[in-house]
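What follows is a set of notes on a single structure, which appears directly below.
Shown next, in the form of structure tokens:
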């Protein structure tokens, strides 16, 4: 009976971790789509709507959390993205569509930089 309880307890925490990671992956994919929509906006109103969606997804990813060993660096990257979004919001509200989108181009560079921290190493690929 104790083994069954221990197994159930372990299974519960493992499934919770997997689900949380899956939620983060889905949120990140939605962030990518939202970012693309933001960059393709043709007018200020559309840009502001997409920026609001993008910002809410970025904040959601921060709430969902990251693996403990990568949490500090991941939150640092998310915070940098939020700074850029806030700058773009100010520009968009002042009717400066192209300037806001220009600021947001830096988000792609941050994405590339910070995703490197989440790529598995060669040793992890070989030995799991």
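In mature numbering (1 follows the signal peptide of the UniProt record, and there is no 0), the protein residues as written are -20 to -1, 1 to 108. Beta carbons: idealized from backbone N, C-alpha and C, even for Gly.
Kindly list the residues whose CB is nearer than 8 Å to the CB of residue 4, restricted to its own chain and excluding five residues on each side of it in sequence; keep chain order. 41, 44, 45 and 46
Exercise for review: Tell me, to the nearest whole angstrom, how far the beta carbon of residue 53 is from that of residue 38; I am working on the premise that it is less than 8 Å.
Suggested key: The pair is not a contact, with the Cβ atoms about 16 Å apart (cut-off 8 Å).
Open item on the list: Taking 8 Å as the limit between beta carbons, can you name the residues of its chain near residue 93, skipping five residues before and five after?
Closed with: 57
Within a Cβ cutoff of 8 Å, which residues of the same chain sit near residue 89, ignoring the five residues on either side of it in sequence? none
Exercise for the section: Decide if residue 14 is buried, meaning its Cβ has at least 16 other Cβ atoms within 10 Å, or exposed. Expected result: buried
key: Assigned exposure category for residue -7 - 16 Cβ within 10 Å defines buried   = Annotation note: pLDDT 46 at residue -7 (below 50); position unreliable, no value reported.
Residue 35 classed as buried or exposed, judged by whether at least 16 other C-beta atoms fall within 10 angstroms | buried
Original post:
Which word fits residue 63, buried or exposed, when buried means at least 16 other C-beta atoms lie within 10 angstroms of its C-beta?
Top reply: exposed
Extent of the continuous alpha helix (DSSP H) to which residue 68 belongs = 51 to 73
| request: Excluding the 5 residues preceding and the 5 following residue 67 in the sequence, name in chain order all residues of the same chain whose CB lies nearer than 7 Å to its CB. | output: 83
Segment limits, alpha helix (DSSP H) that includes residue 35: 24 to 44
>> Please classify residue 87 as buried or exposed, where buried requires at least 16 other C-beta atoms within 10 Å of its C-beta.
In response: buried
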